[in-house]
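Okay, structure first, notes after.
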Amino acid sequence: MSEPVGRRLRILVAKPGLDGHDRGAKVVARALADAGYEVIYTGLHQTPDMIAAAAVQESVDAVGLSIMSGAHMTQFPAVKRALEARGAADVPVFGGGIIPDEDAESLISSGLAAAIFKPGTSLQQIVNWIETTLRPALNEPSWPPPQDLPPA
């Protein structure tokens, strides 16, 4: 008997708040798409409610936030609250950007973030996290393995 075959995970990548630097978010979004995921990129200057609305409308499996502005301790809780208000409290939120270690630990331990990726994290490490941590947490069987990404 063959193992169950999963599906492509849908991941929303968003830039909350006034942060105007979106190069990293676009690189991550493209890399995730290249690795075989369905990616929805919301663009710049998204409010938490806009992010949650898009997440629900697109039936995403996870939301990835890119925050370079220092507003991570405000934006992660606001996005989680907005998801909860729309009945999507179970959608995991992960993110990256300029986030001090202490704040990253706090966001993760409080359940506001499933993972935080720091500058210098390889794109392959993000894909590996999705496959080894996120996919099992969603009870999704493996999909044909995502493509290995070339070094950045």
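So for the sequence shown, the working numbering puts the first residue at 2; every next one is plus one.
Beta carbons: idealized from backbone N, C-alpha and C, even for Gly.
Review point. So what's Ile52 in DSSP terms, helix, strand or just coil?
Key: Helix at Ile52.
**Study point:** Check whether Leu33 and Ile12 have beta carbons under 7 Å apart
**Key:** Judged by their CB atoms, Leu33 and Ile12 are nearer to each other than the 7 Å cut-off.
Check your understanding: Val57: which of Ile68, Ala83, Pro78 sits nearest, CA to CA?
Key -> Nearest C-alpha to Val57: Ala83.
Point to revise | Nearest-angstrom Cβ-Cβ length linking Gly18 and Ala72, presumed shorter than 8 Å | key: With a Cβ gap of about 5 Å, Gly18 and Ala72 count as contacting.
Review point. According to the Cβ coordinates, are Leu139 and Asp62 closer than 7 Å?
Key: Yes, they are a contact pair.
**Study point:** Close-in-space but distant-in-sequence residues of the same chain around Asp104 (CB under 7 Å, 5 per side omitted)
**Key:** Excluding residues within five positions, the ones whose Cβ falls inside 7 Å are His73, Met74.
Point to revise | Reduced DSSP secondary structure (H/G/I, E/B, other) of Ala26 | key: DSSP places Ala26 in helix when its eight states are reduced to three.
Point to revise | Bridge-paired residues (DSSP) for Glu39 | key: Glu39 pairs with Arg11.
Point to revise | Own chain partners of Ala15 with C-beta closer than 6 Å, once the 5 adjacent residues on each side are dropped | key: Same-chain partners within the cutoff: Thr43, Gln47, Ile52, Leu66.
Point to revise | Entirely enclosed alpha helix (DSSP H) segments - the region 58-87, minimum 4 residues | key: Runs of the alpha helix (DSSP H) lying entirely within the region 58-87, each at least 4 residues long, are 73-86 in chain order.
Exercise for review: Decide if Arg136 is buried, meaning its Cβ has at least 16 other Cβ atoms within 10 Å, or exposed.
Suggested key: It counts as buried.
Review point. In three-state DSSP terms, what is Val92?
Key: Three-state result, Val92: coil.
Exercise for review: Please work out which residues of its chain come closer than 6 Å, Cβ to Cβ, to Gly25, disregarding the five sequence neighbours upstream and downstream, and give them in chain order.
Suggested key: Counting only Cβ-Cβ distances below 6 Å, and skipping sequence neighbours, we find Ser67.
Review point. Within 10 angstroms of its Cβ, does Pro49 collect 16 or more other Cβ (buried), or is it exposed?
Key: Its Cβ being crowded by 16 or more others within 10 Å, Pro49 is buried.
Check your understanding: What does a CB cutoff of less than 8 Å around Ala115 pick up in its chain, not counting 5 residues either side in sequence?
Key -> Excluding sequence neighbours, Ala115 sits near Ala63, Pro93, Val94, Phe95, Ile109, Thr134, Leu135, Ala138.
**Study point:** Cutoff 7 Å: Trp144 Cβ touching any chain B Cβ
**Key:** Absent from the structure: chain B. Only one protein chain is present.
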